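Undergrad: In order, the protein sequences belong to chains A and B.
Note that this note's numbering has the first sequence beginning at 1, numbered continuously upward.
Note that this note's numbering has the second sequence beginning at 733, numbered continuously upward.
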Amino acid sequence: MSLMPELDRRAFLAASVAGAGVVTFEARLALAANAPQAAAVPVNVFVRVDTANHFTIGAKNPEIGQGIRTMLPMLIAEELDIGWAQLTVEQTLADDKIYGVQTAGGSNATPNNWLPMRQMGAAARAMILNAAAKEWGVDAASLTTKAGVVFHVPSQRQAPYAAFARAAASLPAPDVAKLPLKSPKEYTIIGKPMVGVDTAKIVTGQPLFGIDVSLPNMLHSAIIKAPAHGATLASHDASAAMKIKGVVAVVPINSGMVPMGSHDTLVVVADSWWKAQKARGLVKPVWNDAAQKGLSTALYEEQAAKALGAAPQVELAKAGNVEAALASAAKVVTADYSYPFLAHGTLEPQNCTGLWQDGKLELWAPSQNPANGRRETAAMLGIAPEALTIHMTRIGGGFGRRLLNDYMVMVGQVAKAVPGRPVKLLFDRTDDLRHDFYRPAGWHRLTAGLDAQGQLVGFKDHFISFGKDGKPVRAAEMSAFEFPTNALEHMQLGATYLPTNLGTGWLRAPTSNAMAFVYQSFLTELAEAAGTDLPDFLRRLLGAPRELPAEKGRPALHTGRARAVIDAVCASADWRGGHLPPSAKGEKRGRGFGFYFCHRGYFAEVADVTILADQSVRVDKVWAVGDVGSQIINPLNARHQLQGALIEGVGQALIEQKIEQVAGAITAESFIDFPLARIENAPREIAVQFLTPDFPPTGLGEPSLPPVIPAIANAIHAATGKRLRSLPLKLA
Amino acid sequence: MPIALTVNRKKVSVTTDSDKPLLWVLREDLHMAGTKFGCGQGLCGACTVLMDGQAVRSCQTPISAAAGKAITTIEGAKALPQGAALVEAWQAIDVPQCGYCQAGQILSATALLQANPKPSDAEIDEGMNGNICRCATYIRIRRAIRMAAGLPDVTGDAA
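1) In chain A, which residues lie with their C-beta within 9 Å of the C-beta of D857/B?
2) So with Cβ pairs under 7 Å, would you call K850/B a contact of chain C?
3) If you measure from the beta carbon of R789/B to each beta carbon in chain A, is any gap under 7 Å?
4) Can you tell me whether DSSP reads A311/A as helix, strand or coil?
5) Would you identify the three-state DSSP class for F459/A, choosing helix, strand or coil?
6) Enumerate in chain order the residues of its own chain whose CB-to-CB distance from K201/A is below 7 Å, with the five nearest sequence positions on each side excluded.
7) Contact criterion: CB-CB distance below 7 Å. Does N740/B meet it with respect to chain A?
8) If the cut is a Cβ gap below 7 Å, which residues of chain B does L209/A touch?
9) Let's test the definition: count the other Cβ atoms within 10 Å of the Cβ of K278/A and tell me whether it reaches 16, buried, or not, exposed.
10) DSSP puts C776/B in a beta bridge; with which residues?
11) What residues from chain B crowd round G590/A, counting only those whose CB sits closer than 9 Å?
12) Please decide whether L347/A counts as near chain B, where near means a Cβ-Cβ distance under 7 Å.
13) Alpha carbon to alpha carbon, what distance is there between D96/A and I253/A?
14) Kindly list, in the order they appear in chain A, the residues whose Cβ is closer than 7 Å to that of K752/B.
15) Pick helix, strand or coil for E186/A, following the three-state DSSP scheme.
16) Spell out the partners DSSP gives T232/A in its beta bridges.
17) Go ahead and pull the three-state DSSP assignment for C352/A.
18) Quick one: grab the DSSP three-state call for L433/A.
19) At which residues does the beta strand (DSSP E) containing Y596/A begin and terminate?
20) Counting only beta-carbon atoms, is D885/B nearer than 7 Å to chain A?
21) For I672/A, go through chain B and note every residue whose CB falls closer than 9 Å to its CB, in chain order.
22) Counting beta carbon pairs with one atom in the stretch 211 to 221 of chain A and one in the stretch 653 to 663 of chain A, are three or more of them shorter than 8 Å?
23) Tell me where the alpha helix (DSSP H) around Q158/A begins and ends.
24) Among V569/A, Q86/A, N634/A, R723/A, which one has its Cα closest to the Cα of M71/A?
25) Tell me the DSSP secondary structure of L215/A in three-state form.
26) What is the rounded straight-line gap between the Cα of E807/B and the Cα of G701/A?
27) Of all Cβ atoms in chain B, is any one closer than 7 Å to the Cβ of V22/A?
28) Below 8 Å on C-beta distance, what does V628/A contact in chain B?
29) Going by alpha carbons, who is nearest to S170/A out of L316/A, V41/A, A270/A?
30) Residues of the stretch 630 to 654 of chain A in Cβ contact with chain B at a cutoff of 9 Å, in chain order, please.
31) Under DSSP, the alpha helix (DSSP H) around K712/A begins and ends at which residues?
32) Among A379/A, T110/A, D469/A, T500/A, whose alpha-carbon lies nearest the alpha-carbon of A231/A?
33) Suppose you measure from the CA of Q102/A to the CA of R394/A; what does that come to, to the nearest Å?
34) DSSP three-state label for D536/A, please.
35) Which chain B residues are close to I64/A, counting only those with a beta carbon under 7 Å from its beta carbon?
36) Within a Cβ cutoff of 6 Å, which residues of the same chain sit near Q492/A, ignoring the five residues on either side of it in sequence?
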């Protein structure tokens, strides 16, 4: 668990960042410290209290729909010992020097913040208590608290925290490591179902998102990118566009993130986005795209087929003698699996707003990783990272797309071209689909041997994806410790990387969303060859409770925890294999199972499917059991995350999601070419259960997704006898 | 030439290109950001508003076609009885995740309940199928619509 070692000291320094007349959380802190008696007082950088004993709690992480703006303040409020109704949540600035890591990715926010955020609450409470003890002349240990009130029972005294805030703020900070924290039995907020802090604003249409940022005198901009990824701008003619009333400038910029290289872009700046967008059609760019034009999905497929039959380019892992193990096996099973490139399709298109003034840049950024965006934007502009002030807006979907900050780097350059005026940059839907950082496609040739007792004795995988010089591009890597290979005596994993011009990136549960499909489907084939079913086959592979080998510094799979979620979902779904009777209409039905461990979380899932008359597949019900540690912090949101992940999995499995490339360019233009799951794709029922063994709490936005995809593939196999080995799954 | 229309029971007049979509008039000219841009192609439903009581995609509706019409956006949805019931149910169930599509979802649901006060499960799915939720809050959208319609709570949301 990575704490934020510096945070405890930094958290007590009053920040003084203020920009362009916008009053930020930090600016209010600074103001309050020097303000008259009536104003709210900061106790530390996460906690402020006003004279009415109402609290403002700072939320430091980007909110992409994962519920973090509710969850982190829950942790602070719990240890501060105030009531949930006594507080308002405010987004902090992006500033990792003050707040520590502020990233929405890797399902890391829960494990990374579980302790430090509770400590921040406990520290503020301790300072209030110390101030109260001093004023009342009693021992701080004799004081108790409840709902933001300090009590001294022996003398029957009580007073709200606010009465001591000013004195507390000037006291030395306590050593947070020594502060006692509540036991779970004492929790009044953690573990309670909390409605999202922004829900009331969302359902009444208040402006919360990056695209909603509106500043006085603001300009708008639309982008023109080369269809072929990586092409450079040879020349352009903007004269016709510049004649349109309201068009301010046509600016050539570099959208490549430092140091990723050049992806030249033209940006049309106007007094309205609608106008900028319309004027785009009048700009005539000429692109240098000869190097990219030859690349296509068809070429990749041809190259992958050829590579599968050849020796791997690089070895990823090897143990024992796999060839000898396969040669002496009673049964050898081999199969090829594949999956396509995927876009993210966040519903809020990529956007960012910037204001360049006096050599400094202020940004309003819907980013999952603003700290990286700061570094990249500063490097592109040749200014110090400290010259950027970054506001974090609510984000209309992340899914990993906004871990990359191309929109920040771009708007920084546009803002510099129109100094003194704020400018918003906004992709349209086609831009967003065609200029994503895609989940890379992959192919696997798997070979496994079983002995006469059906035990797995050897396993080989030749993995094909994308890369250069024997190294995978971003998000195209494969772990050398993929289960069950890390539990075997004889195994070999090799890879071959094909060249591509496409930018690639992380998609919710990166690598795992594809690997779970491949491995859990293939393991089902092996289980059947061994005369059993997947849960039983997995139990044999997992064996006695222990940790399996893992990459250095990465979480290891604990076989006991894996076994527990597998057993629990079998119990809740009453698993008796994949056979289901046909529907009342005579449609074929089947049940499938999937398990996966990633991002520190264990999930086992069962799906029931019906094969409809047109050979399409409907998912009727999903059961999911997860283990993400001892404490579900917000059970309401946890259930919501799980429902969303499972339905996203249904989308990846069944609704023709794939990104294709012709002549270097992405072909998808709209949600017809790249469909997202709709309400008709949502199962009627999703049954969710969490096991809470005594391990530290971890994240669940990602690990909950992967197993449902193989569960669906396995259910289709159970219903039809057809083994579908390529995503998206298609019967006809 | 100024174009007059009614937005959330308030008369407004805008001077702009006649082909500018209602979506962008709402967002840029009237500074009402509740109605969202999701695709600009009429395929995701994020920009749904009511025009004379009918759900329309405001990204596909030129402002000239909205002249003289009564528009309801998310900012005014609570003034309609169905809208008020839906907003309340949405909040009680905590439907949103990222929240970006929710304005369009609520307006589509308002149109659905206005036309069909007690929709069946199949009718709910049919009525809401034009609205994409990328976070996939669909189980709760179904449940919130049933709640707003006064139908029994068949959650599909087992804990």
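Backbone N, C-alpha and C fix where the C-beta goes; we use that ideal spot for every residue, glycine too.
The model shown is predicted, which means the values in this text are computed figures rather than measured ones.
TA: In brief:
1) Near D857/B (Cβ distances below 9 Å), the residues of chain A are R678, I679, E680, A682.
2) Absence of chain C from the displayed structure is noted, the protein chains being A and B.
3) It does not; no Cβ of chain A falls within 7 Å.
4) coil
5) strand
6) So the qualifying residues of the chain are L208.
7) no
8) Checking the sequence, you will find Phe at residue 209/A rather than Leu. Those are Y832, listed as they occur along chain B.
9) buried
10) DSSP, once it has assigned bridges, lists no residue as partnering C776/B.
11) Those do not exist, as G590/A stays about 21 Å from chain B at its closest Cβ, beyond 9 Å.
12) yes
13) 28 Å
14) W274
15) E186/A falls in the helix class under three-state DSSP.
16) N288/A
17) Three-state DSSP puts C352/A in a strand.
18) helix
19) 589 to 598
20) no
21) Ordered by position in chain B, the residues that pass the 9 Å Cβ test against I672/A are Q773, L775.
22) no
23) Where Q158/A is concerned, there is no enclosing alpha helix (DSSP H), although the beta strand (DSSP E) it sits in stretches over 157 to 160.
24) N634/A
25) coil
26) CA-CA distance, E807/B to G701/A, rounds to 30 Å.
27) For V22/A, the pLDDT reaches just 29, beneath the cut-off of 50, and the residue's location in the model is therefore unreliable, although a value from the coordinates is still provided. Interface flag for V22/A against chain B is unset, since no Cβ pair is found closer than 7 Å.
28) Chain B residues near V628/A: none, gap ~16 Å exceeds 8 Å.
29) V41/A
30) Within the stretch 630 to 654 of chain A, the residues whose Cβ lies closer than 9 Å to some Cβ of chain B are P635, L636, N637, R639, H640, Q641, Q643, G644, A645, L646, I647, E648, V650, G651, listed in chain order.
31) In the sequence as displayed, the identity of residue 712/A is Ile instead of Lys. Segment 708 to 720, the alpha helix (DSSP H) holding I712/A.
32) With distances taken between Cα atoms, A231/A lies closest to T500/A.
33) If I take the Cα positions, the gap works out to 14 Å.
34) helix
35) Among the residues of chain B, those whose CB is under 7 Å from the CB of I64/A are C830, following chain order.
36) K318, V322, K460
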